[in-house]
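Number of protein chains: 2
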Amino acid sequence: MFNRLSKCIKKLGNKKKTTIKDIANVLGITPSAVSRALNNHPRISEKTKIAVKQVAENLNYQPNHLASALRKGKSNLVGVIIPRNNSNFFSSVLENIEEVLNKKGYNIIITQSNESYKKECSSIEALLYTQVDGVIASMANETVDLSYYEKIKSKGIPLILFDRGENDLNVDYVGIDDYLTSHMIVEHLLDQGCKRIAHIAGYSKTRIYKNRIRGYNDALEKHGLPIEKDLIIESNLRLNDGRRVMQELLNLNERPDAVYAAGDYAALGALQVLEEQGIKVPEEIALVGFSNEPFTSFVKPSISTIDQKSALIGKLAAEAFLERVNNPKVKASLNKIIVDAELIIRDSSNKKE
Amino acid sequence: MFNRLSKCIKKLGNKKKTTIKDIANVLGITPSAVSRALNNHPRISEKTKIAVKQVAENLNYQPNHLASALRKGKSNLVGVIIPRNNSNFFSSVLENIEEVLNKKGYNIIITQSNESYKKECSSIEALLYTQVDGVIASMANETVDLSYYEKIKSKGIPLILFDRGENDLNVDYVGIDDYLTSHMIVEHLLDQGCKRIAHIAGYSKTRIYKNRIRGYNDALEKHGLPIEKDLIIESNLRLNDGRRVMQELLNLNERPDAVYAAGDYAALGALQVLEEQGIKVPEEIALVGFSNEPFTSFVKPSISTIDQKSALIGKLAAEAFLERVNNPKVKASLNKIIVDAELIIRDSSNKKE
DNA sequence: CGAGGTTGTTCAAACGTTTGAGCAAATTAA
DNA sequence: TTAATTTGCTCAAACGTTTGAACAACCTCG
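Going line by line, the protein sequences match chains A and L. For what it's worth, our numbering labels the leading residue of the first sequence as 1, then goes sequentially. For what it's worth, our numbering labels the leading residue of the second sequence as 354, then goes sequentially.
If you want it as structure tokens, here you go:
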């Protein structure tokens with residue numbers, strides 16, 4: 001056995017990667033026994049297992065994922081598609097997805113759609129080509145055509161959406177209840193004594209922004225306040241667009257006394273305009289944003305906002321995927337997991353004390 | 354031929370994925386001919402190619418990446434390791450790496466080390482297991498032991514470092530010249546009339562922060578200014594640590610009249626403390642950060658900082674990888690690609706006008 | 001002592017591609 | 001017309017693993 005080993009070590013000189021075959025040769029057993037030993041198969045003797053692992057270690061054996069994935073028809077790779085990577089929300093979601101899935105032996109492939117439908121399609125294409133075992137995605141704002149997502153479903157692998165999803169697509173979803181969250185914001189502002197609440201809305205075709213608008217409207221109605229079209233202005237929610245919308249609101253005959261922006265960057269833009277014009281926040285106009293971007297806590301005044309529980313959403317999305325993989329037959333109930341968002345009240349909307 | 358086709362379509366009913374074998378059966382040719390047709394092999398007739406592609410389309414054929422990667426010994430996957438995903442710098446680098454590599458048929462697997470050495474090791478492990486064709490990485494702050502990176506090199510696949518690299522590891526590197534950039538900052542502050550420039554330094558074991566400190570020292574020396582130990586304080590560069598260091602600096606017998614922080618978050622922390630204490634920026638103390646995080650442009654006063662050309666760095670790192678893959682023999686010269694950083698002068702250090 | 005079960009292993013096929021070698025037919029050159 | 005070359009394909013092995021089936025050797029039990 002010893003000269004077998006040394007022969008093999010010599011062979012290793014020419015840089016070929018070690019395979020289970022090499023291990024088998026060293027020990028004088030077959031590759032299948034080695035494979036089973038490495039996978040702790042019950043029908044392999046403890047003695048052999050130890051020997052195999054020892055030799056594997058010595059030869060610096062690294063299993064070839066490609067081969068086993070091919071044979072098993074399972075890659076242990078999960079694709080994650082996010083719109084953009086620079087927000088704190090997505091980075092935290094990712095971190096948690098990864099944490100949960102790594103523990104179960106999955107690795108993740110992250111792709112950014114950059115909010116572009118075209119890029120999103122090519123990402124899906126690439127992920128499917130890589131034979132991922134599932135996809136966890138948050139849709140680009142632009143995306144209306146769902147055929148590429150249908151393609152994932154038709155492959156028979158799990159598809160989990162988070163944050164940005166579509167009801168039409170019949171799949172698992174994890175996110176907050178935008179409608180209720182909007183309610184919460186409006187009621188907080190009313191509670192602060194505000195009477196004319198404006199809404200810097202997101203792209204009204206996207207489900208989540210649509211729901212925020214609905215929530216805003218219904219909350220006003222519920223409290224007997226009129227819904228004024230002038231006070232709802234659609235925006236791409238970027239900083240500069242927040243400025244533009246705030247300016248428009250200030251140009252109205254009757255100014256609002258509160259602004260609820262569907263995104264933090266838009267809220268920041270609004271805040272800048274208010275500051276430039278010497279309008280006191282929150283005394284004259286109160287302000288609430290959405291997403292809890294880090295900067296909301298350190299600008300002056302700090303901006304009230306919504307914490308979307310990114311860590312929890314990531315964790316739940318990953319678990320939803322695992323659930324689907326482990327119980328592929330249960331096609332029946334699709335989960336809509338709704339996480340409670342949290343309103344973080346900061347200076348920009350806190351008139352009391 | 355037509356009944357062959359319909360037979361095959363029927364077969365497809367039972368959800369099995371189409372393979373080149375299926376296409377071969379339909380057309381009555383061999384799988385190898387199909388493979389060659391799909392890959393535009395010159396020895397396949399135009400007629401056959403067209404027929405194969407037509408049938409492939411009809412049967413909704415999707416090539417199995419795992420199989421071809423296994424056979425070719427090449428996965429067309431590139432691993433990217435970044436410390437954290439929430440900074441604008443890394444997200445922009447990623448976007449550009451992806452753009453360049455996608456064009457060449459590569460997909461990227463992104464993993465976050467979360468600045469943890471342990472996580473970094475397991476990421477490397479995972480990437481190697483997935484048989485990536487190369488790794489592009491920015492090292493975690495913690496990382497001192499390079500053995501895991503050596504492991505990548507020993508696999509014989511390209512390793513490209515960016516931003517955070519180590520000279521000891523003999524590999525390609527893309528980044529800015531931290532030493533010169535520090536010079537530039539110090540000279541800008543001197544130009545503004547500052548005489549006592551403090552430095553909120555990064556972890557002095559990390560190469561880039563070490564170089565920033567060296568640059569700071571040498572620039573002062575060059576201009577005949579003393580180097581005062583009290584004015585250089587090491588920090589983890591997070592917001593709160595920036596506050597702590599700024600407080601320490603203010604407690605000195607003789608206050609600095611300028612602060613150069615090696616990171617934007619630390620600069621922001623410093624700014625908060627200055628504002629709270631009613632110290633005028635830049636008049637009493639000028640401030641410069643590092644990295645051009647978005648918030649530096651919208652806080653009041655806006656913070657002068659360094660743009661590290663993230664897009665360019667991403668692009669160059671990806672190209673360095675491609676270079677290595679295409680010319681594996683050229684072991685000789687390893688590239689240190691140095692990109693010129695740009696000083697963005699904003700209100701926090703602009704005393705003139 | 002023989003039937004039945006368990007243990008530890010081998011055998012061979014399979015996963016879906018790619019690719020060097022081989023070969024017949026068609027084309028070109030001499 | 002024949003030899004040489006080109007064209008268009010087939011054959012079979014290979015990539016490294018996993019896995020159902022088979023089987024010998026050993027153990028157990030009545």
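C-beta: ideal position from N, C-alpha, C; glycine also. Treat the numbers as computed from the prediction; the structure is a model and nothing was measured.
Pair within 8 Å by beta-carbon distance, residue i and residue j
i	j	result
ALA318(A)	ILE23(A)	no
VAL634(L)	PRO654(L)	yes
PRO158(A)	VAL325(A)	yes
TYR179(A)	GLY215(A)	yes
ILE550(L)	TYR482(L)	no
SER535(L)	VAL485(L)	no
GLY622(L)	GLY595(L)	yes
GLU601(L)	ILE585(L)	no
PHE321(A)	ILE160(A)	yes
LEU573(L)	VAL539(L)	yes
VAL446(L)	GLY667(L)	yes
ASP660(L)	GLU695(L)	yes
ILE638(L)	ALA664(L)	no
VAL440(L)	LEU542(L)	According to the sequence displayed, residue 440(L) carries Ser and not Val. Not a contact, by the Cβ cut-off of 8 Å.
ASN40(A)	LYS49(A)	yes
LEU77(A)	ASN107(A)	yes
PRO384(L)	LYS369(L)	no
LEU127(A)	GLY165(A)	no
LEU624(L)	LEU603(L)	no
THR371(L)	ASN413(L)	yes
Contacts around residue i, its chain only, beta-carbon distance under 7 Å, and the 5 residues preceding and following it disregarded
i	result
GLY546(L)	LYS704
TYR562(L)	ALA554, GLY555, TYR556 and ALA615
SER91(A)	ASN85
ALA583(L)	A small fix is needed here, since residue 583(L) is Asp in this sequence, not Ala. The residues are LEU605.
ALA685(L)	In this predicted model, ALA685(L) has a pLDDT of only 48, less than 50, meaning its place in the structure is not dependable enough to derive any value.
VAL497(L)	LYS558
GLU389(A)	Missing from the structure shown is residue 389(A); chain A here goes from 1 to 353 and no further.
GLY105(A)	ASN76
LYS336(A)	TYR173
LEU334(A)	ASN170, VAL171 and ASP172
VAL453(L)	LYS668, ALA671 and GLU672
LYS472(L)	SER466
Other residues of its chain near residue i: CB distance less than 6 Å, five sequence neighbours each side excluded
i	result
THR111(A)	ILE81 and SER123
ILE691(L)	ASP530
LEU163(A)	Note on identity: in this sequence residue 163(A) is Asp, with Leu being the wrong assignment. If we look at ASP163(A) and ignore the five residues flanking it on each side, its Cβ neighbours are SER138 and GLY175.
THR206(A)	ASN141
TYR148(A)	CYS121 and ILE124
ASP700(L)	PRO654 and SER655
PHE298(A)	none
VAL598(L)	ILE553, ILE586 and SER588
ASP693(L)	none
ASN570(L)	ILE580
Same chain only: Cβ atoms within 8 Å of residue i, ignoring 5 sequence neighbours per side
i	result
ASP264(A)	GLY289, PHE290, SER291, ASN292, GLU293, PHE295, THR296, ILE303 and THR305
ASP191(A)	none
GLU275(A)	VAL281
ILE462(L)	LEU430, VAL431, GLY432, VAL433, LEU480, THR483 and VAL485
task = Please name the residues in the stretch 104–116 of chain A whose beta-carbon is closer than 9 Å to at least one beta-carbon of chain L, in chain order.
result = ASN107, ILE108, ILE109, ILE110, THR111, GLN112 and ASN114
query = Unbroken beta strand (DSSP E) runs of length 3 or more, entirely within the stretch 313–349 of chain A: which are they?
reply = With a minimum length of 3 residues, the unbroken runs of beta strand (DSSP E) contained wholly in the stretch 313–349 of chain A fall at 336–339 and 342–344.
Residues, ordered as in the chain, of the stretch 574–603 of chain L that lie near chain A by beta-carbon distance below 8 Å = LEU592
Whole alpha helix (DSSP H) elements within the stretch 606–650 of chain L, 4-residue minimum = 617–629
ask   = Quick one: any contact between the stretch 617–633 of chain L and the stretch 574–592 of chain L, if contact means 3 or more CB pairs under 8 Å?
value = Counting Cβ pairs under 8 Å, three or more are found: they touch.
task = Mind the definition here: the stretch 415–428 of chain L touches the stretch 63–82 of chain A only if three or more C-beta pairs lie below 8 Å; say whether that holds.
result = yes
task = Below 8 Å between beta carbons is the criterion; list the residues of the stretch 24–48 of chain A that meet it against any residue of chain L, in chain order.
result = none
inquiry  = Quick check for students: name the residue ranges of the alpha helix (DSSP H) that lie wholly in the stretch 458–545 of chain L, counting only runs of 4 or more.
reply    = Taking only runs of at least 4 residues, the alpha helix (DSSP H) segments lying wholly in the stretch 458–545 of chain L are 470–482, 500–507 and 531–544.
task = Mind listing, in chain order, the continuous alpha helix (DSSP H) runs of no fewer than 4 residues lying wholly within the stretch 546–577 of chain L?
result = 560–575
key: beta strand (DSSP E) segments (min. 3 residues) lying fully within the stretch 396–429 of chain L   = none
ask   = Which residues, taken in chain order from the stretch 414–429 of chain L, show a beta carbon closer than 8 Å to some beta carbon of chain A?
value = GLN415, PRO416, ASN417, HIS418, LEU419, ALA420, ALA422, LEU423 and SER428
message = Counting only Cβ-Cβ distances shorter than 7 Å, please list the residues of the stretch 482–499 of chain L near chain A, keeping chain order.
response = Answer in chain order: TYR482, THR483 and GLN484.
key: Members of the stretch 518–529 of chain L near chain A, C-beta cut-off 7 Å   = Those would be none; no residue qualifies.
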